[in-house]
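Below is one structure, written out as structure tokens, with a few remarks after it.
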Ligand code: AP5
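In our numbering, the protein residues as written are 448 to 656.
Structure (structure tokens):
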């Protein structure tokens, strides 16, 4: 899944993963778990994440390599938040074939509203929105009952930096994957359900469903 911060990559990747019966590998979630557990990796990563810049490639590539070598990934997986630059994309080529890159296109103004209302589960990482996808019981996760919190990097100043990082480092992947004929652009505007349906149609048209 490719797209700017708040495009809905995590929301849609979670739905697709469930539908396809494959794991979703979200580097942002993995890093936040390391930060919460105060591991050495987490302490290193936090310095970059709280500023809205990329965590160094060697850390990320190693983390993804370890994850995709696990048993549950052998039948395929959905990557959410990786690769984030050309170097990571090249590293991914050593790990397997990229069947499809789903690029969620959203206007920056829309995304700022999404990020400011986002709430995440501190236990299972499920994602909600105070207006667009509210939990049934305020402040608690529908799935596991965990406490919901607002991500530190969803503060306005950090969001601006995340966008800049996206434009500089990640946006070039659109051309990179277009050249390889695996890129599919899907509008990220509309309801969560509509976008899911559009993504499924694209997968079907490519014979992946
Ligand atoms: P990461 O966690 O990957 O953040 P991101 O890419 O900025 O993406 P987000 O999680 O903010 O957004 P999303 O597109 O998943 O949207 P979501 O579905 O939540 O990375 C965080 C940090 O970790 C990075 O800044 C970096 O430091 C580091 N990092 C991670 N990966 C790295 C890598 N590979 N290399 C180096 N560093 C890395 O939706 C957002 C909100 O909108 C939610 O509230 C949701 O409910 C709502 N919403 C979703 N869809 C809709 C819709 N259609 N209509 C209305 N609301 C919607």
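By construction, the Cβ of each residue, glycine as well, lies at the ideal position given by its N, Cα and C atoms.
Quick caveat: nothing in here was measured; it's all calculated off a predicted structure.
Asked, Found
"Between the CA atoms of residue 640 and residue 584 - distance to the nearest angstrom", "21 Å"
"beta-carbon residue 529 near the ligand AP5 non-hydrogen atom, thresh 6 Å", "yes"
"Spatial distance of residue 682 from residue 601 (CA atoms)", "The structure shown does not extend to residue 682, since the chain is modelled only from 448 to 656, so the question has no answer here."
"Outcome for residue 457 when other beta-carbon atoms lying within 10 angstroms are tallied against a minimum of 16", "buried"
"CB contact flag (residue 489, residue 500, <7 Å)", "no"
"Where residue 570 falls, given that 16 or more other Cβ within 10 Å makes a residue buried", "exposed"
"Residue 490 - containing alpha helix (DSSP H), residue span", "487-496"
"Beta strand (DSSP E) segment containing residue 740, residue limits", "Residue 740 lies beyond the range of the chain shown here (448 to 656); nothing can be said about it."
"Whole-Å CB distance - residue 528 paired with residue 473, under 8 Å assumed", "5 Å"
"Residue 632 CB to nearest heavy atom of the ligand AP5 below 6 Å", "no"
"Cβ-heavy atom distance, residue 617 to the ligand AP5, below 6 Å", "no"
"Residue 451 vs residue 613 beta-carbon contact at 7 Å", "yes"
"According to DSSP, residues forming a beta bridge with residue 596", "567"
"Residue 551 and residue 633 closer than 7 Å at C-beta", "yes"
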